[in-house]
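Here the structure is laid out as structure tokens; the discussion comes afterwards.
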Amino acid sequence: MHEYEIVFITQPELSDSQLTEITKRVDGMIDQHEGRTFFTRSMGKKQLAYPIQKQTKGVYTLVDFAAQGGCIAKIERSLRLDENVLRFLTVVRNKDIDVEARATEVIARGEDRPPESAVEVAPPAVEAETKTTVTSPPAEATAGDTETEEVKK
Amino acid sequence: MRPRNKKKMKRKSRVSNRPRVCRYCADKKLTIDYKDVKALGFFTTERGKIVPRRISGACAKHQREIKIAIKRARILALAPFTSAQAPTA
């Protein structure tokens, strides 16, 4: 059994009950195929980087679960048929996992909580920010390169 | 023809700008996640292109992971495919 992660984007004006209906349906399908849902988390309403089905905003929901591979196609089919789902992405997180061990690990590590709430892990975040300033000049350099490329064209 | 000196100078500055170690190798706790747009932002240009290894300083292994993460983020509209897609609102 593998651990999968599905992120799906739904229409921004969808009501809460409609959204829970979709997540319930996904959960139901996981249960049907003897899978196990580790957690379902809302990532909130976000601005899309590009419009999808003429929508500029979307509500992101993440489902982390363990299941047999065969159930993925069925879940994806149901999401594809749902008009309220703008887009989805399934990713294999871990292969051949021990479901019970992984379930306790998820809770112990607090993986089911959104990363923003992990404020107590402040030091690495600060470090990352300082690194940002270091890495930003090369980014500008590349921008310059692309500009010259265009000029050549 | 471009003057030789100019070319040399440009190359030199590029090397000095480059971070010496891969940030993901330096900090083992950092994980590459396609949902973490902020972190991936350091590996994309303003146009949304993936920054090459020689500039980002990432090691081969992590550059591969970064590449996959950026492409996944693009599918989920967390990152643009091109800057032409940049939201106007």
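Quick note, the sequences are listed as chains F and H, same order.
FYI, the working numbering numbers position 99 of the first sequence as 102, with every residue one higher than the one before it.
FYI, the working numbering numbers position 12 of the second sequence as 535, with every residue one higher than the one before it.
Cβ atoms here follow ideal geometry from the backbone N, Cα and C, with glycine treated the same way.
No experiment lies behind these values; they were computed from the predicted model shown.
Contacts around residue i, its chain only, beta-carbon distance under 7 Å, and the 5 residues preceding and following it disregarded
| i | result |
| --- | --- |
| Leu-89 of chain F | Ile-12, Thr-13, Gln-14, Ile-55, Gln-56, Gln-58 and Gly-61 |
| Leu-82 of chain F | Phe-11, Val-88 and Phe-91 |
| Thr-40 of chain F | Asp-30, Ile-33, Val-66 and Phe-68 |
| Gly-73 of chain F | His-36 |
| Ala-70 of chain F | Met-4, Tyr-7, Ile-33, His-36 and Gly-38 |
| Val-574 of chain H | Phe-566, Thr-567 and Thr-568 |
| Gln-21 of chain F | Asn-87 |
| Ser-120 of chain F | The pLDDT assigned to Ser-120 of chain F is 44, lower than 50, so where the model puts this residue is not dependable; a value taken from the coordinates is nonetheless given after this. So the list is empty, once near-sequence residues are dropped. |
| Val-102 of chain F | Met-4, Arg-39 and Ala-69 |
Residue from the options whose Cα sits closest to the Cα of residue i
| i | options | result |
| --- | --- | --- |
| Ile-591 of chain H | H:Thr-567, H:Arg-543 and H:Cys-548 | H:Thr-567 |
| Asp-556 of chain H | H:Ala-607, H:Cys-545 and H:Leu-601 | H:Leu-601 |
| Cys-548 of chain H | H:Cys-582, H:Leu-599, H:Ile-589 and H:Ile-573 | H:Cys-582 |
| Leu-553 of chain H | H:Ile-578, H:Ile-589 and H:Arg-576 | H:Ile-589 |
| Cys-545 of chain H | H:Gly-564, H:Gln-586, H:Lys-558 and H:Asp-559 | H:Gln-586 |
| Glu-16 of chain F | F:Thr-93, F:Lys-49 and F:Ile-9 | F:Lys-49 |
| Arg-44 of chain F | H:Leu-563, H:Lys-558 and H:Ile-578 | H:Lys-558 |
| Arg-595 of chain H | F:Val-95, F:Pro-117, F:Ala-111 and F:Gly-47 | F:Val-95 |
| Gly-564 of chain H | F:Pro-117, F:Thr-107 and F:Ala-52 | F:Ala-52 |
Cβ-heavy atom distance, residue i to the ligand GDP, below 7 Å
| i | result |
| --- | --- |
| Val-102 of chain F | The ligand content of the structure shown is nil, which means the ligand GDP is not present either. |
Own chain, CB closer than 8 Å to residue i, minus 5 neighbours either side, in chain order
| i | result |
| --- | --- |
| Phe-604 of chain H | Gly-571 and Arg-597 |
| Val-109 of chain F | Phe-41, Phe-42, Asp-67 and Asp-115 |
| Ala-128 of chain F | The pLDDT assigned to Ala-128 of chain F is 40, lower than 50, so where the model puts this residue is not dependable, and the model offers no usable value. |
| Ile-100 of chain F | Met-4, His-5, Glu-6 and Ala-69 |
| Ile-2 of chain F | In the structure as shown, chain F begins at 4 and stops at 156. Residue 2 of chain F is therefore absent and cannot be evaluated. |
| Thr-135 of chain F | With a pLDDT of 41 at Thr-135 of chain F, under the threshold of 50, the modelled position of this residue cannot be trusted, and the question is left open. |
| Arg-105 of chain F | Glu-6, Phe-41, Ala-69 and Asn-97 |
Spatial neighbours of residue i in its chain, beta-carbon cut-off 6 Å, leaving aside the 5 residues before and after
| i | result |
| --- | --- |
| Glu-174 of chain F | The structure shown has nothing for residue 174 of chain F, since chain F only spans 4 to 156. |
| Ser-606 of chain H | Arg-570 and Gly-571 |
| Ser-18 of chain F | none |
| Arg-576 of chain H | Gln-586 |
| Glu-123 of chain F | With a pLDDT of 39 at Glu-123 of chain F, under the threshold of 50, the modelled position of this residue cannot be trusted; read the value that follows with caution. Answer for Glu-123 of chain F: no residue qualifies. |
Bridge partner(s) assigned by DSSP for residue i
| i | result |
| --- | --- |
| Ser-606 of chain H | BP columns for Ser-606 of chain H are empty, so no partner. |
| Gly-10 of chain F | Checking the sequence, you will find Val at residue 10 of chain F rather than Gly. Looking at the DSSP assignment, Val-10 of chain F forms a beta bridge with F:Leu-65 and F:Leu-92. |
| Thr-40 of chain F | F:Phe-68 |
| Ser-45 of chain F | F:Thr-64 |
| Gln-50 of chain F | F:Lys-60 |
- Message: Does the segment 60 to 74 of chain F come into contact with the segment 19 to 36 of chain F, if we say contact requires no fewer than three beta-carbon pairs (one atom in each stretch) closer than 8 Å?
- Response: yes
- Message: Quick check for students: name the residue ranges of the alpha helix (DSSP H) that lie wholly in the segment 52 to 112 of chain F, counting only runs of 4 or more.
- Response: For the segment 52 to 112 of chain F, whole alpha helix (DSSP H) runs of length 4 or above, ordered along the chain, are 73 to 84 and 102 to 112.
- Task: Counting only runs of 4+ residues fully inside the segment 558 to 592 of chain H, write out the alpha helix (DSSP H) ranges in chain order.
- Result: 560 to 563 and 576 to 579
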